[in-house]
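Visitor: Numbering (our numbering), first residue to last: 83 to 435. No residue lacks a Cβ here, since even glycine has one placed at the ideal position from N, Cα and C. Owing to the predicted nature of the structure, the values given are computational and were not obtained by experimental measurement.
(1) Over what stretch of residues does the beta strand (DSSP E) that includes residue 252 continue unbroken?
(2) For a test of the three-state rule: what should DSSP assign to residue 344, helix, strand or coil?
(3) Any idea which residues DSSP pairs residue 98 with across the strands?
(4) Quick one: which unbroken beta strand (DSSP E) runs of 3-plus residues sit fully inside the region 131-180? Chain order, please.
(5) Rounding to the nearest angstrom, what Cα-Cα distance links residue 417 and residue 424 in this structure?
(6) Please give the ranges of any alpha helix (DSSP H) in the region 328-415, keeping only runs that are unbroken, at least 4 residues long and fully inside the region.
(7) How big is the Cα-Cα spacing for residue 138 and residue 263?
(8) When DSSP builds the beta bridges, which residues end up paired with residue 269?
(9) Beta carbon of residue 285, beta carbon of residue 387: below 8 angstroms?
(10) Here's a check: name, in chain order, each residue in its chain whose Cβ is nearer than 7 angstroms to the Cβ of residue 432, leaving out the five neighbours to either side.
(11) Whose C-alpha, out of 169, 219, 335, 260, is nearest the C-alpha of residue 269?
(12) Could you compute how far the alpha carbon of residue 203 sits from the alpha carbon of residue 393?
(13) Excluding the five sequence neighbours on either side, which residues of its own chain have a C-beta within less than 7 angstroms of the C-beta of residue 183, listed in chain order?
(14) Output the residue ranges of the alpha helix (DSSP H) runs that lie fully inside the region 281-321 and measure 4 residues or longer, sorted by chain position.
(15) Just grab the DSSP bridge partners of residue 188 for me.
(16) Would you mind reading off the limits of the beta strand (DSSP E) that contains residue 420?
(17) Going by alpha carbons, who is nearest to residue 445 out of 334, 296, 342, 326?
(18) Take the Cβ of residue 144 as the centre, count every other Cβ of all protein chains shown within 10 Å, and call the residue buried at 16 or more, exposed below.
(19) So, under 8 angstroms CB-CB, residue 344 and residue 197 are touching, yes? Tell me the CB distance rounded to an integer number of Å.
(20) Would you call the region 231-247 and the region 311-330 in contact, with 3 or more CB pairs under 8 angstroms?
(21) Going straight from the alpha carbon of residue 179 to that of residue 157, what length do you get?
(22) To the nearest angstrom, how far is it from the Cα of residue 397 to the Cα of residue 409?
(23) Just to check my reading of the structure: residue 239 and residue 299 have Cβ atoms closer than 8 angstroms, yes? What is that Cβ distance to the nearest angstrom?
(24) With contact counted as at least three CB pairs below 8 angstroms, one residue from each stretch, are the region 248-259 and the region 218-237 in contact?
(25) Go to residue 241, then tell me how far its beta strand (DSSP E) extends in each direction, as first and last residue.
(26) Among 369, 146, 114, 267, which has the Cα closest to the Cα of residue 380?
(27) Would you check if the distance between the CB atom of residue 166 and the CB atom of residue 181 is smaller than 8 angstroms?
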(Lines of atoms letter the chains of each structure in order from A and count residues from 1; the text may use other names and numbers.)
(Lines give C-alpha, C1' and ligand atoms only; values in the text may rest on other atoms or scores of the structure.)
Protein backbone atom coordinates (compact mmCIF):
# COMPACT_ATOMS: atom_id res chain seq x y z
CA UNK A 1 0.00 0.00 0.00
CA UNK A 2 1.38 3.47 -0.90
CA UNK A 3 1.54 6.45 1.59
CA UNK A 4 0.53 10.03 0.68
CA UNK A 5 3.30 12.54 1.67
CA UNK A 6 2.05 15.71 3.51
CA UNK A 7 2.43 19.09 1.75
CA UNK A 8 4.89 21.40 3.52
CA UNK A 9 6.24 25.00 2.98
CA UNK A 10 4.67 27.92 1.06
CA UNK A 11 3.15 27.98 -2.30
CA UNK A 12 4.35 30.49 -4.86
CA UNK A 13 1.12 32.48 -4.48
CA UNK A 14 1.54 32.74 -0.71
CA UNK A 15 5.15 33.83 -1.11
CA UNK A 16 4.19 36.57 -3.56
CA UNK A 17 1.40 37.79 -1.26
CA UNK A 18 3.86 37.99 1.65
CA UNK A 19 6.39 39.93 -0.40
CA UNK A 20 3.71 42.37 -1.56
CA UNK A 21 2.53 42.89 2.02
CA UNK A 22 6.08 43.54 3.18
CA UNK A 23 6.67 46.06 0.42
CA UNK A 24 3.49 47.92 1.33
CA UNK A 25 4.52 48.04 4.99
CA UNK A 26 8.02 49.20 4.02
CA UNK A 27 6.57 51.92 1.77
CA UNK A 28 4.27 53.19 4.51
CA UNK A 29 7.09 53.15 7.06
CA UNK A 30 9.37 55.03 4.66
CA UNK A 31 6.74 57.69 4.05
CA UNK A 32 6.14 58.08 7.77
CA UNK A 33 9.87 58.39 8.44
CA UNK A 34 10.27 60.86 5.58
CA UNK A 35 7.43 63.02 6.86
CA UNK A 36 8.79 62.83 10.39
CA UNK A 37 12.29 63.75 9.25
CA UNK A 38 10.97 66.72 7.27
CA UNK A 39 8.94 67.90 10.22
CA UNK A 40 11.94 67.47 12.50
CA UNK A 41 14.15 69.50 10.17
CA UNK A 42 11.53 72.21 9.96
CA UNK A 43 11.18 72.31 13.73
CA UNK A 44 14.93 72.17 14.40
CA UNK A 45 15.71 74.71 11.69
CA UNK A 46 12.99 76.98 13.04
CA UNK A 47 14.62 76.87 16.44
CA UNK A 48 17.98 77.67 14.83
CA UNK A 49 16.48 80.65 12.99
CA UNK A 50 14.89 81.90 16.19
CA UNK A 51 18.15 81.50 18.12
CA UNK A 52 20.27 83.09 15.39
CA UNK A 53 17.92 86.04 15.03
CA UNK A 54 17.86 86.65 18.77
CA UNK A 55 21.66 86.33 18.90
CA UNK A 56 22.14 88.79 16.03
CA UNK A 57 19.88 91.37 17.70
CA UNK A 58 21.63 90.84 21.04
CA UNK A 59 25.11 91.34 19.57
CA UNK A 60 24.04 94.46 17.70
CA UNK A 61 22.36 95.83 20.81
CA UNK A 62 25.47 95.34 22.95
CA UNK A 63 27.73 97.06 20.42
CA UNK A 64 25.37 99.92 19.56
CA UNK A 65 24.80 100.74 23.24
CA UNK A 66 28.56 101.22 23.65
CA UNK A 67 28.97 103.41 20.55
CA UNK A 68 30.72 106.68 21.31
CA UNK A 69 32.33 105.51 24.55
CA UNK A 70 35.34 107.68 25.37
CA UNK A 71 34.71 110.11 22.50
CA UNK A 72 32.92 112.80 24.54
CA UNK A 73 34.05 115.20 27.24
CA UNK A 74 32.39 117.94 29.31
CA UNK A 75 32.46 120.28 26.29
CA UNK A 76 31.07 117.70 23.88
CA UNK A 77 32.67 115.52 21.21
CA UNK A 78 36.46 115.62 21.16
CA UNK A 79 36.61 115.08 17.39
CA UNK A 80 33.59 116.94 16.07
CA UNK A 81 35.74 118.40 13.27
CA UNK A 82 36.82 114.95 12.11
CA UNK A 83 39.84 112.71 12.51
CA UNK A 84 42.93 112.00 10.40
CA UNK A 85 43.62 108.30 9.90
CA UNK A 86 46.48 106.57 8.10
CA UNK A 87 47.10 102.85 7.82
CA UNK A 88 49.61 100.83 5.85
CA UNK A 89 47.93 97.57 4.87
CA UNK A 90 51.03 96.14 3.22
CA UNK A 91 50.28 94.55 -0.14
CA UNK A 92 46.73 95.94 0.00
CA UNK A 93 48.13 99.48 -0.07
CA UNK A 94 47.86 102.56 2.12
CA UNK A 95 44.68 104.09 3.48
CA UNK A 96 44.58 107.86 4.06
CA UNK A 97 41.50 109.53 5.53
CA UNK A 98 41.62 113.28 6.07
CA UNK A 99 39.20 114.79 8.59
CA UNK A 100 37.01 111.69 8.51
CA UNK A 101 33.77 112.21 10.41
CA UNK A 102 34.10 110.26 13.69
CA UNK A 103 30.46 109.30 14.19
CA UNK A 104 29.63 106.94 17.09
CA UNK A 105 27.02 105.07 15.03
CA UNK A 106 26.62 105.43 11.27
CA UNK A 107 24.14 103.64 9.01
CA UNK A 108 25.01 102.85 5.40
CA UNK A 109 21.84 102.57 3.35
CA UNK A 110 21.82 99.44 1.22
CA UNK A 111 19.19 100.59 -1.27
CA UNK A 112 17.39 97.44 -2.39
CA UNK A 113 19.66 95.33 -0.20
CA UNK A 114 20.64 95.14 3.44
CA UNK A 115 21.94 98.15 5.36
CA UNK A 116 25.24 98.24 7.24
CA UNK A 117 26.03 99.76 10.64
CA UNK A 118 29.45 101.26 11.48
CA UNK A 119 30.31 101.76 15.15
CA UNK A 120 33.14 103.76 16.70
CA UNK A 121 34.22 103.81 20.34
CA UNK A 122 37.19 103.71 22.63
CA UNK A 123 38.05 100.22 23.84
CA UNK A 124 38.98 99.62 27.47
CA UNK A 125 38.00 100.23 31.09
CA UNK A 126 39.80 103.55 31.64
CA UNK A 127 39.62 104.96 28.13
CA UNK A 128 37.02 107.59 28.96
CA UNK A 129 39.67 109.58 30.88
CA UNK A 130 41.88 111.62 28.50
CA UNK A 131 45.52 112.41 29.26
CA UNK A 132 46.70 116.02 29.22
CA UNK A 133 49.52 117.02 26.90
CA UNK A 134 52.13 118.84 29.01
CA UNK A 135 54.61 119.86 26.31
CA UNK A 136 54.08 121.58 22.97
CA UNK A 137 54.74 119.57 19.81
CA UNK A 138 57.11 121.63 17.61
CA UNK A 139 55.99 119.59 14.59
CA UNK A 140 53.57 116.74 13.89
CA UNK A 141 56.32 114.10 14.05
CA UNK A 142 57.42 115.08 17.55
CA UNK A 143 57.13 112.85 20.58
CA UNK A 144 53.92 113.47 22.51
CA UNK A 145 54.48 114.22 26.20
CA UNK A 146 51.57 113.64 28.58
CA UNK A 147 51.17 113.82 32.35
CA UNK A 148 50.82 110.06 32.95
CA UNK A 149 50.88 106.84 30.98
CA UNK A 150 47.20 106.09 31.57
CA UNK A 151 47.86 102.36 31.23
CA UNK A 152 49.00 102.72 27.63
CA UNK A 153 51.09 99.96 26.07
CA UNK A 154 53.16 99.51 22.96
CA UNK A 155 50.91 99.00 19.94
CA UNK A 156 47.95 100.91 21.38
CA UNK A 157 46.10 103.42 19.22
CA UNK A 158 46.01 106.93 20.68
CA UNK A 159 43.85 109.82 19.49
CA UNK A 160 45.16 113.38 19.86
CA UNK A 161 42.72 116.26 19.99
CA UNK A 162 41.50 119.40 21.70
CA UNK A 163 39.28 119.32 24.79
CA UNK A 164 36.81 121.66 23.15
CA UNK A 165 36.73 119.69 19.91
CA UNK A 166 38.06 122.63 17.89
CA UNK A 167 40.92 120.76 16.21
CA UNK A 168 40.90 117.88 13.78
CA UNK A 169 41.94 114.79 15.72
CA UNK A 170 44.77 112.50 14.68
CA UNK A 171 45.35 108.78 15.25
CA UNK A 172 48.80 107.50 16.11
CA UNK A 173 50.13 104.14 17.27
CA UNK A 174 52.67 103.70 20.05
CA UNK A 175 55.82 102.18 18.57
CA UNK A 176 57.43 101.86 22.02
CA UNK A 177 56.20 101.53 25.60
CA UNK A 178 55.51 104.91 27.29
CA UNK A 179 58.67 106.40 28.82
CA UNK A 180 58.57 108.33 32.10
CA UNK A 181 61.15 111.13 31.93
CA UNK A 182 60.43 112.77 35.28
CA UNK A 183 58.88 115.74 33.48
CA UNK A 184 56.12 113.72 31.88
CA UNK A 185 55.58 110.54 29.91
CA UNK A 186 56.77 110.38 26.31
CA UNK A 187 54.60 108.66 23.72
CA UNK A 188 56.73 107.63 20.73
CA UNK A 189 54.95 107.08 17.41
CA UNK A 190 57.58 106.16 14.84
CA UNK A 191 56.53 104.69 11.50
CA UNK A 192 57.67 101.28 10.36
CA UNK A 193 57.04 97.62 11.08
CA UNK A 194 54.60 97.00 13.88
CA UNK A 195 53.09 100.50 13.65
CA UNK A 196 50.93 100.55 10.51
CA UNK A 197 48.91 103.57 11.72
CA UNK A 198 51.97 105.89 11.72
CA UNK A 199 52.72 107.57 8.35
CA UNK A 200 56.22 108.55 7.26
CA UNK A 201 54.90 112.07 6.65
CA UNK A 202 52.55 112.84 9.58
CA UNK A 203 49.38 114.84 9.14
CA UNK A 204 50.04 118.62 9.44
CA UNK A 205 48.38 119.05 12.83
CA UNK A 206 50.44 119.85 15.93
CA UNK A 207 49.11 119.78 19.48
CA UNK A 208 50.04 121.98 22.42
CA UNK A 209 49.88 122.09 26.20
CA UNK A 210 46.32 121.57 27.35
CA UNK A 211 45.33 119.38 24.42
CA UNK A 212 44.50 115.75 25.08
CA UNK A 213 45.42 112.20 24.17
CA UNK A 214 43.23 109.19 24.84
CA UNK A 215 43.49 105.48 24.16
CA UNK A 216 41.30 104.30 21.31
CA UNK A 217 42.13 100.61 21.11
CA UNK A 218 44.80 97.93 21.01
CA UNK A 219 45.53 98.37 17.31
CA UNK A 220 43.73 95.27 16.07
CA UNK A 221 40.98 97.35 14.45
CA UNK A 222 39.69 100.91 14.37
CA UNK A 223 35.96 100.23 14.37
CA UNK A 224 33.31 97.61 13.74
CA UNK A 225 31.08 97.45 10.69
CA UNK A 226 28.17 94.99 10.63
CA UNK A 227 26.77 93.90 7.26
CA UNK A 228 24.93 90.97 5.67
CA UNK A 229 26.85 88.82 3.21
CA UNK A 230 26.37 85.19 2.12
CA UNK A 231 23.36 84.74 4.41
CA UNK A 232 25.44 85.72 7.44
CA UNK A 233 25.77 88.71 9.71
CA UNK A 234 29.42 89.63 9.15
CA UNK A 235 31.89 92.04 10.72
CA UNK A 236 34.65 94.05 9.03
CA UNK A 237 37.04 96.91 9.81
CA UNK A 238 35.86 100.19 8.20
CA UNK A 239 39.46 101.34 7.77
CA UNK A 240 40.71 98.14 6.13
CA UNK A 241 37.69 97.63 3.85
CA UNK A 242 35.65 100.33 2.09
CA UNK A 243 31.91 100.37 2.73
CA UNK A 244 31.03 99.20 -0.78
CA UNK A 245 33.79 96.58 -0.93
CA UNK A 246 32.67 94.21 1.85
CA UNK A 247 32.57 90.58 0.66
CA UNK A 248 32.37 87.14 2.22
CA UNK A 249 36.14 86.81 1.83
CA UNK A 250 37.24 90.04 3.55
CA UNK A 251 34.79 89.91 6.46
CA UNK A 252 34.27 87.67 9.47
CA UNK A 253 31.00 85.70 9.72
CA UNK A 254 29.31 86.07 13.11
CA UNK A 255 25.74 84.74 12.89
CA UNK A 256 24.35 82.34 10.26
CA UNK A 257 20.96 82.42 8.48
CA UNK A 258 20.75 86.25 8.56
CA UNK A 259 19.51 87.50 5.18
CA UNK A 260 18.56 91.13 5.87
CA UNK A 261 19.49 94.02 8.15
CA UNK A 262 17.69 97.36 8.16
CA UNK A 263 18.30 100.35 10.43
CA UNK A 264 17.10 103.91 11.06
CA UNK A 265 18.25 106.86 13.16
CA UNK A 266 16.18 107.95 16.14
CA UNK A 267 16.55 111.74 15.97
CA UNK A 268 15.65 114.30 18.64
CA UNK A 269 15.26 117.82 17.28
CA UNK A 270 13.22 120.11 19.48
CA UNK A 271 12.14 117.40 21.91
CA UNK A 272 10.20 114.93 19.73
CA UNK A 273 11.75 111.65 18.59
CA UNK A 274 11.46 110.99 14.86
CA UNK A 275 12.91 108.24 12.68
CA UNK A 276 15.18 108.96 9.73
CA UNK A 277 16.53 106.63 7.06
CA UNK A 278 20.19 107.01 6.12
CA UNK A 279 19.30 108.67 2.82
CA UNK A 280 19.25 112.23 1.51
CA UNK A 281 20.55 114.70 4.09
CA UNK A 282 21.12 111.83 6.53
CA UNK A 283 23.35 109.80 4.22
CA UNK A 284 26.48 111.79 5.18
CA UNK A 285 26.21 113.06 8.73
CA UNK A 286 27.57 116.43 9.80
CA UNK A 287 28.30 117.46 13.40
CA UNK A 288 24.83 118.92 14.00
CA UNK A 289 23.04 115.82 12.70
CA UNK A 290 25.30 113.53 14.71
CA UNK A 291 24.41 115.43 17.88
CA UNK A 292 20.68 114.84 17.24
CA UNK A 293 20.91 111.03 17.00
CA UNK A 294 19.74 109.38 20.21
CA UNK A 295 18.88 105.82 19.16
CA UNK A 296 19.12 103.26 16.38
CA UNK A 297 16.16 101.14 15.29
CA UNK A 298 17.28 97.76 13.97
CA UNK A 299 15.41 95.07 12.03
CA UNK A 300 16.85 91.62 11.30
CA UNK A 301 15.45 88.86 9.07
CA UNK A 302 16.57 85.22 9.33
CA UNK A 303 15.75 82.43 6.89
CA UNK A 304 15.13 78.76 7.69
CA UNK A 305 17.45 76.67 5.43
CA UNK A 306 14.83 73.93 4.87
CA UNK A 307 13.08 74.15 1.48
CA UNK A 308 9.35 73.45 1.84
CA UNK A 309 7.50 71.72 -1.01
CA UNK A 310 4.58 74.11 -0.70
CA UNK A 311 4.62 77.84 -0.07
CA UNK A 312 4.52 78.83 3.59
CA UNK A 313 2.83 81.89 5.16
CA UNK A 314 5.02 84.96 4.64
CA UNK A 315 6.52 86.57 7.73
CA UNK A 316 5.22 90.08 8.34
CA UNK A 317 7.92 92.75 8.44
CA UNK A 318 7.22 96.19 9.97
CA UNK A 319 6.48 98.87 7.38
CA UNK A 320 9.54 100.94 8.29
CA UNK A 321 11.88 98.18 7.04
CA UNK A 322 10.72 99.03 3.51
CA UNK A 323 9.77 97.21 0.33
CA UNK A 324 13.22 95.62 -0.02
CA UNK A 325 12.56 93.43 3.01
CA UNK A 326 9.01 92.59 1.93
CA UNK A 327 10.19 91.70 -1.58
CA UNK A 328 13.01 89.55 -0.19
CA UNK A 329 10.55 87.47 1.83
CA UNK A 330 8.02 87.28 -1.03
CA UNK A 331 10.71 86.13 -3.48
CA UNK A 332 11.39 83.04 -1.36
CA UNK A 333 7.90 81.66 -0.59
CA UNK A 334 9.14 78.12 0.11
CA UNK A 335 11.40 79.20 2.97
CA UNK A 336 10.33 80.21 6.45
CA UNK A 337 11.48 83.64 7.63
CA UNK A 338 11.56 85.27 11.04
CA UNK A 339 11.63 89.01 11.64
CA UNK A 340 13.16 90.72 14.69
CA UNK A 341 13.23 94.41 15.58
CA UNK A 342 14.37 96.51 18.50
CA UNK A 343 15.19 100.10 19.45
CA UNK A 344 18.65 100.67 20.95
CA UNK A 345 19.54 103.92 22.76
CA UNK A 346 23.00 105.43 22.27
CA UNK A 347 23.63 105.91 25.96
CA UNK A 348 27.08 107.50 25.58
CA UNK A 349 25.58 110.07 23.20
CA UNK A 350 22.44 110.63 25.28
CA UNK A 351 24.48 111.57 28.36
CA UNK A 352 26.97 113.67 26.41
CA UNK A 353 26.71 117.49 26.60
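Guide: Reading off the structure:
(1) Locating residue 252 in the chain shown gives position 170, where the first residue counts as 1. From DSSP, the beta strand (DSSP E) with residue 252 extends over 251-255.
(2) Along the chain shown, one-based indexing puts residue 344 at 262. If DSSP states are grouped into helix, strand and coil, residue 344 belongs with the strands.
(3) Position 16 of the chain shown, counted from the start, is the residue given in the question as residue 98. The partner list for residue 98 (beta bridge, DSSP) is empty, contrary to what the question assumes.
(4) 165-170
(5) Numbered from 1 along the chain shown, position 335 holds the residue referred to as residue 417. Numbered from 1 along the chain shown, position 342 holds the residue referred to as residue 424. Computed Cα separation, rounded: 23 angstroms.
(6) 369-374, 405-412
(7) The count along the chain shown starts at 1 and reaches residue 138 at position 56. The count along the chain shown starts at 1 and reaches residue 263 at position 181. Using only the alpha carbons, I get a separation of about 48 angstroms.
(8) Taking the first residue of the chain shown as position 1, residue 269 is located at position 187. Answer is 226.
(9) Indexing the chain shown from 1 puts residue 285 at position 203. Indexing the chain shown from 1 puts residue 387 at position 305. No, Cβ-Cβ distance for residue 285 and residue 387 is not below 8 angstroms.
(10) For the purposes of this step, residue 432 is identified with residue 350 of the chain shown, where counting begins at 1. Excluding residues within five positions, the ones whose Cβ falls inside 7 angstroms are 376.
(11) Working through the chain shown from its first residue, we reach residue 269 at position 187. Of the listed residues, the one whose Cα sits closest to residue 269 is 260.
(12) Mapped onto the chain shown, residue 203 falls at position 121. Mapped onto the chain shown, residue 393 falls at position 311. Going by the C-alpha atoms only, they are around 44 angstroms apart.
(13) Your numbering for residue 183 matches position 101 in the chain shown. If we look at residue 183 and ignore the five residues flanking it on each side, its Cβ neighbours are 164, 367.
(14) none
(15) For this step, residue 188 is matched to residue 106 along the chain shown. DSSP, once it has assigned bridges, lists 200 as partnering residue 188.
(16) For the purposes of this step, residue 420 is taken as residue 338 along the chain shown, with counting starting at 1. 419-427 is the span of the beta strand (DSSP E), which, as asked, contains residue 420.
(17) Not covered by the structure: residue 445. The range shown for the chain is 83 to 435.
(18) Walking along the chain shown from the start, residue 144 turns up at place 62. Label assigned to residue 144: exposed.
(19) The residue given as residue 344 occupies position 262 in the chain shown. The residue given as residue 197 occupies position 115 in the chain shown. The Cβ separation is near 5 angstroms, so the contact holds.
(20) no
(21) Taking the first residue of the chain shown as 1, we reach residue 179 at position 97. Taking the first residue of the chain shown as 1, we reach residue 157 at position 75. Computed Cα separation, rounded: 25 angstroms.
(22) Against the chain shown, residue 397 aligns to sequence position 315. Against the chain shown, residue 409 aligns to sequence position 327. Residue 397 and residue 409: Cα-Cα distance of roughly 11 angstroms.
(23) Within the chain shown, residue 239 is the residue found at index 157, counting from 1. Within the chain shown, residue 299 is the residue found at index 217, counting from 1. Between residue 299 and residue 239 the Cβ distance is about 5 angstroms, and since that is below 8 angstroms, they are a contact.
(24) yes
(25) Counting from 1 along the chain shown, the entry for residue 241 is found at position 159. Counting along the chain, the beta strand (DSSP E) containing residue 241 begins and ends at 239-243.
(26) In the chain shown, residue 380 corresponds to position 298, counting from 1. Of the candidates 369, 146, 114, 267, the one whose C-alpha sits nearest the C-alpha of residue 380 is 146.
(27) Your numbering for residue 166 matches position 84 in the chain shown. Your numbering for residue 181 matches position 99 in the chain shown. Result yes, Cβ atoms of residue 166 and residue 181 sit closer than 8 angstroms.
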